[in-house]
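Remarks on the structure that follows.
And the structure:
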């Protein structure tokens, strides 16, 4: 559903994903919808990247080299600047325990891989548009 | 001029010399330099304990009174030694094979390890020997007195009673020191035996010296002696020098019997015997010794009677003749000879008796006070040693008190033969035990009791004289006036010499009762077994003793043995036994053979009956399984067997439970591993699927406007599908390899060909990554017989890994082939930075991909698969640390044994 709204044009999304093909797909989907997309592939420097980019919404993978998505989320929630940052978590490990852990840590949306493109877009819109 | 003090000092020095001899011999024996000590000569000389002071001094007195009759005392042992092949050899063989410690032990062991018999024989021995010990004390004291009397002018008259105390105390000390220094396994006392041998030489030399002096010094040579003898015979009372046939036969037999049954003789003959070779030499050398000992007896007696003042005690001619003729040196030598005779007898007798008393009386009593604890023996060694020492002290004290009470003098003179007759009562039980399988415990007990009682009634008690235990009227008319029961004329047999009379009746009745009761009674299985071992000892020495030992652990036995043999010795012995069974460590299996040997080993220390009882305690009261042999169903036995069966079952259950818990833990571990693996697979599968789905949805929704981007999206979908397929292939491959269901197709091929194929298959990645391959083709001619396609798969994996992961600028891969000890080694070494040390241990695990680059294309299963393949081929793949870069080594036996269950191809090809 393509809604040509001016607001979205300015929205910034940061994608933390180490699989280049997946990152490319997300980037393509969101760019086409008018999002401004940044890609970061390392877990170790992810929190720094969040502070540098200060996105409106964050897409976070779980299995990352160096530092896991859970640890990154925990760090973000303990910092004032990023406590309220909407986070959509993406993981190939879609077990119940993983989802529960993410929710305890304060995730806003949780999606398992493979995901539906439209579902991801609607989730993101909800997170930033309210 | 001899003074009393000189005499005492010489005595003291002589004893010190004996100490040194004994000490040195003990030391040599401990250093196992026993060759000298175990010579037949030493053995022969040690047998001379037979010649006590009673023979040294008394033989001359005997000859002075009764002429040649004294020869009977030497004749008996001579006959025994000459006929050694028949009797002594068997006795010694039994003693050695059964580790017999004393004559009481021998009899006890033969009759089913009966301690009753052990006690009985011990009592007879103590009663028979105590007066004999008193006799030795008396002779030493008398010889001191002789010096005192002859030189009373210069002497302070010594207190003779005190002399006796000193002698007894000194002998006790010496015996304790060397008789119980250590608990020797064989109960052999090298030190003591060597000292005894020295004393044997001293007494022989002394007697010969006196003899030579008497014949050629004062007697006027052989002619003078012969003339003097005629005179003496003329002067002698009517018939004194006449030979009485009955007495000769009786006394010869008596001395022969005593030679075999006297505790001290048994000690030197059997217990101290080291090998049978000694016996062969002793068989002629000991009679020779006795002959030399008796050679000058008659001349000394004759010269003494004709030259010495009337009323002089002929028992002391050996000493008084040199003194009378003022030969101080000779007198001193003679004194030392007598002293030697007395001391050697007392030492050996008290060792023998103390062994018997401690093994058959003290230890069983001590043992019965602690029946409960199976292995609780505390310091049994110490108790045993203390018991021995106590017994030695007690026996010498007994001898001393007997000497004091009897008042010395005439009563003691006859004691020698009385003692002989007492201990001879053991002969029927002993001889019967050696030669007659039917001899039974009940028979032996009854015979011994009968013989001993008759001996006491007819000889021992009357020997105290009319004022002694028996009144004159009993002696003259019999008890209650019954003539037939007159002690010295039993059943109306009158006119016999008292000794012969007593010997006749006691031994005849002893034998009759022994045989009769033996025939009447039914021996126990253990008795039968021991009977067979004793009677057939010369036929075979192997042990056939059986026993139930299920409940016994050899550890318990070791604990007990340590307390008796001493820790070190027990451990060494157990270790050697375990080694004989082919086992490591200190705990042999408790086979019947082992139990029997342990029992024999312990028998050497505590006696047969006690050792048997101790082991029986450990074995939980198990009875002898000869019962089984005899097909006697024994309820106790069955119950014991059931108990041990149930214990075994219980043990089995515990083992099963342990095994189950182990398996359970392993399963839990496996389950955790499986979950982790599934989670990994899920991740590995979902990742490419995510890309595929995302891009296919993009395409479905119209795709990218830019055709180049659209084409790129399509190619991503393609690549990810390929990746997915490869992952699935790898998983299937690994699964097949891991389950061992893989089919191998071995063929003969050179390593070079295999490498060529692998390089051809990887040519695209090699070209793409611009890798330089270094090979030395001349090394690669080694022929292999294996599944070369699988081997090529491993090579391909390693080559493409190197191509993909090598991080050097100009990538190089060296492939080196060599053969080492029948093994093919192929090394793949690149010039990259290699695998970090901390990761080297896990690179062969599943999904352990180090790089996170999906672009590398692998699923992280490659090396895991390689490892499985090499395992199946009978080789291995390892990471080779310490090379310039990443390095892997593939090893394969040139003649590989392939790990597979079923491969018809392989077999056909192999054939």
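Residue numbers (the working numbering), protein chains in the order written: chain G, 87 to 216; chain P, 208 to 1118.
Each residue gets a CB set at the ideal place from its N, CA and C atoms; glycine is no exception.
In this text the structure is predicted, and so the values were computed from the model without any measurement.
Residues of chain G whose Cβ lies closer than 8 Å to the Cβ of residue 886 of chain P are, in chain order, 179 and 181. In this structure, the alpha-carbon of residue 708 of chain P lies about 23 Å from that of residue 262 of chain P. With a cut-off of 8 Å on Cβ pairs, the region 901–921 of chain P is not in contact with the region 1023–1038 of chain P, counting fewer than three such pairs.
Residue environment: residue 948 of chain P is assigned as exposed (fewer than 16 neighbouring CB atoms within 10 Å of its CB, all protein chains considered). Two segments are said to touch when three or more pairs of C-beta atoms, one from each, lie closer than 8 Å; by this definition the region 196–203 of chain G touches the region 890–899 of chain P. Of all C-beta pairs linking the region 527–547 of chain P to the region 293–308 of chain P, fewer than three are shorter than 8 Å, placing the two stretches out of contact. Annotation for residue 473 of chain P: 310 place their beta carbon closer than 6 Å to its own, counting only its chain and skipping 5 residues before and after. Of the other Cβ atoms in all chains shown, fewer than 16 fall within 10 Å of the Cβ of residue 912 of chain P; this residue is therefore exposed. Around residue 565 of chain P, the same chain offers 594, 595 and 598 as residues with beta carbons nearer than 6 Å, after the five sequence neighbours per side are excluded. Counting only residues of its own chain and dropping the five nearest sequence neighbours on each side, residue 737 of chain P has a CB closer than 8 Å to the CB of 316, 317, 318, 319 and 320. Annotation for residue 1086 of chain P: the continuous beta strand (DSSP E) segment containing it runs 1083–1086.
The distance from the Cβ of residue 809 of chain P to that of residue 301 of chain P is about 18 Å, inconsistent with a contact at the 8 Å cut-off.
In the DSSP assignment, residue 1094 of chain P forms a beta bridge with P:1036.
A Cβ-Cβ separation of about 6 Å places residue 354 of chain P in contact with residue 214 of chain P under the 8 Å criterion.
With 16 or more other Cβ atoms from the protein chains shown falling within 10 Å of its own Cβ, residue 568 of chain P counts as buried. By alpha-carbon distance to residue 925 of chain P, the top candidate from P:902, P:939, P:915 and P:940 is P:902. In this structure, the alpha-carbon of residue 1026 of chain P lies about 42 Å from that of residue 878 of chain P. Taking all protein chains in view, the Cβ of residue 342 of chain P is crowded by 16 or more other Cβ atoms within 10 Å, so the residue is classified as buried.
Interface annotation, residue 897 of chain P: in contact with chain G, CB-CB separation under 8 Å. Out of G:111, G:146, G:161 and G:110, the CA that lies nearest to the CA of residue 100 of chain G is found in G:146. By the neighbour-count criterion, in which 16 or more other beta carbons inside 10 Å mark a residue as buried, residue 438 of chain P falls on the exposed side.
Taking the Cα positions, residue 163 of chain G is about 14 Å away from residue 140 of chain G. The beta carbon of residue 911 of chain P falls within 8 Å of a beta carbon belonging to chain G, placing the residue at that interface.
In the three-state scheme derived from DSSP, where H, G and I count as helix and E and B as strand, residue 955 of chain P is classed as strand. Residue 169 of chain G has its alpha-carbon roughly 28 Å from the corresponding atom of residue 114 of chain G.
Judged by DSSP in its simplified three-state form, residue 112 of chain G adopts helix.
Its Cα nearest to that of residue 407 of chain P, the residue P:552 stands out among P:996, P:1071, P:552 and P:779. Excluding sequence positions up to five before and after residue 103 of chain G, its CB lies within less than 6 Å of the CB of 109 and 147, all in the same chain and listed in chain order. A direct Cα-to-Cα measurement between residue 156 of chain G and residue 215 of chain G gives close to 25 Å. With a beta-carbon spacing of about 5 Å, residue 1010 of chain P and residue 972 of chain P fall inside the 8 Å limit used to define contacts. Interface flag for residue 1045 of chain P against chain G is unset, since no Cβ pair is found closer than 8 Å. In the DSSP assignment, residue 123 of chain G forms a beta bridge with G:99. Taking the CA atoms as reference points, residue 132 of chain G sits about 12 Å from residue 124 of chain G. For the pair residue 643 of chain P and residue 280 of chain P, the Cα-to-Cα distance works out to about 28 Å. By the Cβ test, the region 1010–1025 of chain P is in contact with the region 969–988 of chain P, since at least three Cβ pairs between them sit closer than 8 Å.
For residue 197 of chain G, the three-state secondary structure derived from DSSP is strand.
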